[in-house]
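Structure first, commentary second.
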C-alpha cells in the first residue's frame, strides 16, 4: 500500500500547493516506517504496505525519478488540481486557505488494493534491479527533511529570521534534525525519540492560520494596504492580522488622532511669531532712529541709573523670555515627533521612530532626525541661543558734539533682526506642520502611563524578549532591525473584534492566547536565551546611568566649578586686583560711526556667552533627574503608587511648574535642581551688562563693573556649585540596565508585564480616564479593609508569555509570582 504519494511543494516563490508525487521508489528506512505509522490515518485493512512515507514538503529544486504515467481521469480522481488563474488571483499566504483540497487524502478500500497491486509489481522490478553490481547512489534527504520541518514548524508569532547560509548547513534552521540512520545504527534512541516527537507534533495539516500568518517580510517592504488586496473570503479560523483603518468621523469611542500640545497649536505659534515680530520692530526702530537722530538719548546717571538698566539689562531680559518660549516649543516637538512619525503612511518614515529621543536635550547639539520641514524649523530655533549675548552688546555710547548719547550698534541690531525674522519663519513652519495633522495620539504623551497605554493590544512586542537586559540603544536597534511600527486605529479580518487603537505592525497577527486551568494565558513566544543569573545580577540591573551623571564626571563637575569659583573670588576681592577698581581694556574703547566699540563688544558678548554655556550645560543634568525620577520610585523596596511613578510628567512640565509639582510630591532634589536650572538664565542676562568703559578720577579709561549685578552673578555661581554637589549622593538608585530615552527602550521594560492586561490600561478614552483608573483604590475585601492603592515596582517578574523578565510590574497580583526588587549597595 502506498499512502505517501501526496506531496506539498513550494513552487512559485514558496507558495504551498497540493500536488501528487509518486514516492514508492524512494528509499525507505526503519525510522521512516515508524514516522509513517505515527502520521498516517488508521485503516481497517491489514494488508497495507508499512514502508510508505508521507512527505509533507519537498523543495522545488529537488529532482526525482520520473514515475509511470497515469491516465488523466485517474489523476483527476486522486487529487484536486488548483487552477493556474486561481493561483495567481490570491496572495501567497491565503492560497492554502482558499483551496478546499485537503492536505491528507483518505483512500477507499478499492483504491488501496489497486495501489497495493501496483506497489507489488514495482517491488518485483526493484528486486531485479538490485542484482545490478552498480546500484544507484542514494540521495541524502537531510536538507529536504529539515527544510520541510522548518516550514511546518514556523509559529505564526515568530518573527522572520535573516538567514544567509545554505540549506545544507546545520545552522540554517532552528529545529532538530530528523534523519534516519538507514539501518546503520548511528542514530541514538534519544535522537529518534526527538524526531518522532517533532513529526507527531506536525503530523496533521498545518495549524489553523499558520500559512496565512507567516509574514516573510517586515512591514517596511509592504507597499500596498491589506484592504487593497483582492483576497478570497477567509475562513473563520484565519489569523487576526492587523490592518490599518482610517476613520473619517470624530466620535467619542474613536476620537481623531490629531491631538497637538497647546504650545504647538496655531494660537501659541502666532503668539511666538508676534513676539519675534515685536522684537524685530523694536530693533529696527532703534537702529534707524539712532542713524537719523545721532543716537537715542543722553547718557546720564552713570552705570547705576535707570537708563543703564534699560540699555544694558532689559534687552537681555526680553530676549530670555523669547528664548525660554522657544525652548519649550522645541521640547514639545521632540516629545511629539516619534508618535507623529509612527502615524505616517510611509513605512520608510516610520522605520526609525522607535529610536528617536522623546525627551528634550540641551540646545548645544540640535537634532536633525525628523521631517525636512521640522529640521529646518529646529535649526532656525537653534539660532535663538545667540540672542541673549548679542542683546548684551546691542547699545553703546557715542560722543555727539561733546555730549555722550546712547545709540544702537548697527551691525548687532541688524544681525538680531535677521535672527528674529528666521525664528518667526520657524514658528510659521511649525504651525503649518502641526495644523490639522494626524499625530497618532489622543492626548499629550507626557508620562510612562501614557506610553504604556499604547501597548495592551499591540502585536509588535514579540521581538522584545531579551531587550530588557541589553546594554544600550544600539543593541536594541540591532534586534529590532527593519521595523516600521505604526500608531493608529486597527482592525482584523474578524469583524467582531471591532476597531481598536494601539501601536502595531501591519500584516502581523495578534497575540495568541490559550486556556489553562480555567484562565486565559498568553501563548508563549520564542524564548530568549538569557541566563537567570543575569536577570538577578545587580551589575546588570544597575549598569546604566547617563555619562554626565557617572561618579567620575559628577565629581569632576563639582571640582572644576569649585576651582573656577575660588579663582574668581580671589581675583575679584584681592586688594591688588579688586574688581571694584576696574581693569584696563585690552582693545580700543572708542566707538565708530556705527556705534561699534571693540571693548564694549568684547566685555559684553564674551561674558554673556560664557554664562549661556553654563546655563546650557546644566540643562541635561536637570532633564536627567526629571526622566529618571519615576524609575527611582519604582526601584524602591516597597514600590510606588501610580501618582509617584507612572504618572509623573516632569520632563514635559514647564520650568516653574515642574518645581512646584516635584515639591508637592516630596521630590525635593528634582524641585531644587529644576528651579535652579531656570534661575541660571540670569547668568548670561547679567553677565552681558556687568562691564562698561568709563574714565576714572585719574583720567584713565577702565572697564568698571556694575557691582550689584556682579554680586548677583557670584551668588548664582555659588548656587551652581551647590547644585552640582547635590548630584553626588543617592545616584545609585537612578541606574538602570539601559537608557530610557526612546520608546523602544521603554517598551523593553514593559513588553511582557501583566500591567498590559490590567483594566486601567484597557482602552482609556482620555487622560483623565487613565488617571482615574490608576489612582483609584483597590476593591475592598477581607484582605483589603483600608482600600489601599495599587503599587508598582521595577524588578524581576514572571511575564505574560512565560519566562522571567526585568521591568515594571504591579505588586500584590493574585496567583502570580511576586516581583523580586533588586537592592542597591
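Residue numbers (UniProt numbering): 1 to 825. C-beta atoms are modelled at their ideal positions from N, C-alpha and C, and glycine is treated no differently.
Residue i versus residue j: straight-line alpha-carbon distance, rounded
i: residue 737; j: residue 582; result: 53 Å
i: residue 703; j: residue 320; result: 25 Å
i: residue 565; j: residue 615; result: 16 Å
i: residue 600; j: residue 693; result: 7 Å
i: residue 701; j: residue 586; result: 11 Å
i: residue 318; j: residue 681; result: 12 Å
i: residue 454; j: residue 671; result: 29 Å
i: residue 273; j: residue 385; result: 17 Å
i: residue 292; j: residue 285; result: 11 Å
i: residue 381; j: residue 619; result: 17 Å
i: residue 315; j: residue 420; result: 13 Å
i: residue 730; j: residue 624; result: 14 Å
i: residue 575; j: residue 724; result: 30 Å
i: residue 252; j: residue 791; result: 30 Å
Per DSSP, cross-strand counterpart(s) of residue i
i: residue 502; result: 488
i: residue 793; result: 809
i: residue 406; result: 297, 397
i: residue 691; result: 705
i: residue 641; result: 791
i: residue 736; result: 544
i: residue 742; result: 357
i: residue 243; result: 491
i: residue 820; result: 796
i: residue 804; result: 798
Coil, strand or helix - residue i by DSSP
i: residue 494; result: coil
i: residue 248; result: coil
i: residue 329; result: helix
i: residue 837; result: With the chain covering only 1 through 825, there is no way to say anything about residue 837.
i: residue 584; result: coil
i: residue 181; result: At residue 181, the pLDDT of 46 sits below 50, so the modelled position is not reliable; the number obtained from the coordinates is stated separately. Residue 181 falls in the coil class under three-state DSSP.
i: residue 534; result: helix
i: residue 763; result: coil
i: residue 848; result: This structure does not reach residue 848, given that the chain is present from 1 up to 825, and the question cannot be answered.
i: residue 415; result: helix
i: residue 667; result: coil
i: residue 557; result: helix
i: residue 681; result: coil
i: residue 630; result: helix
i: residue 479; result: helix
i: residue 727; result: coil
i: residue 473; result: helix
i: residue 259; result: coil
i: residue 550; result: coil
i: residue 276; result: helix
Distance CB(residue i)-CB(residue j) smaller than 9 Å
i: residue 442; j: residue 276; result: no
i: residue 635; j: residue 794; result: yes
i: residue 334; j: residue 307; result: no
i: residue 827; j: residue 536; result: For the chain, the structure presents residues 1 to 825; residue 827 sits outside this window and is missing.
i: residue 728; j: residue 452; result: no
i: residue 546; j: residue 612; result: no
i: residue 811; j: residue 639; result: yes
i: residue 459; j: residue 242; result: yes
i: residue 375; j: residue 356; result: no
i: residue 562; j: residue 721; result: yes
i: residue 661; j: residue 444; result: no
i: residue 864; j: residue 418; result: The requested residue 864 does not occur in the structure, where the chain is confined to residues 1 to 825.
i: residue 480; j: residue 464; result: yes
i: residue 607; j: residue 548; result: no
i: residue 650; j: residue 669; result: no
i: residue 709; j: residue 313; result: yes
i: residue 373; j: residue 429; result: yes
i: residue 256; j: residue 473; result: no
Beta-carbon contacts of residue i that lie in its chain and below 8 Å, excluding the five residues immediately before and after
i: residue 499; result: 245, 247, 254, 489, 490, 491
i: residue 775; result: 641, 642, 643, 647, 789
i: residue 770; result: 449, 450, 453, 760, 761, 764
i: residue 568; result: 714, 717
Neighbourhood of residue i by C-beta, 6 Å cutoff - its chain only, sequence neighbours within 5 removed
i: residue 434; result: 260, 264
i: residue 655; result: 678
i: residue 807; result: 468, 749, 750, 753
i: residue 551; result: none
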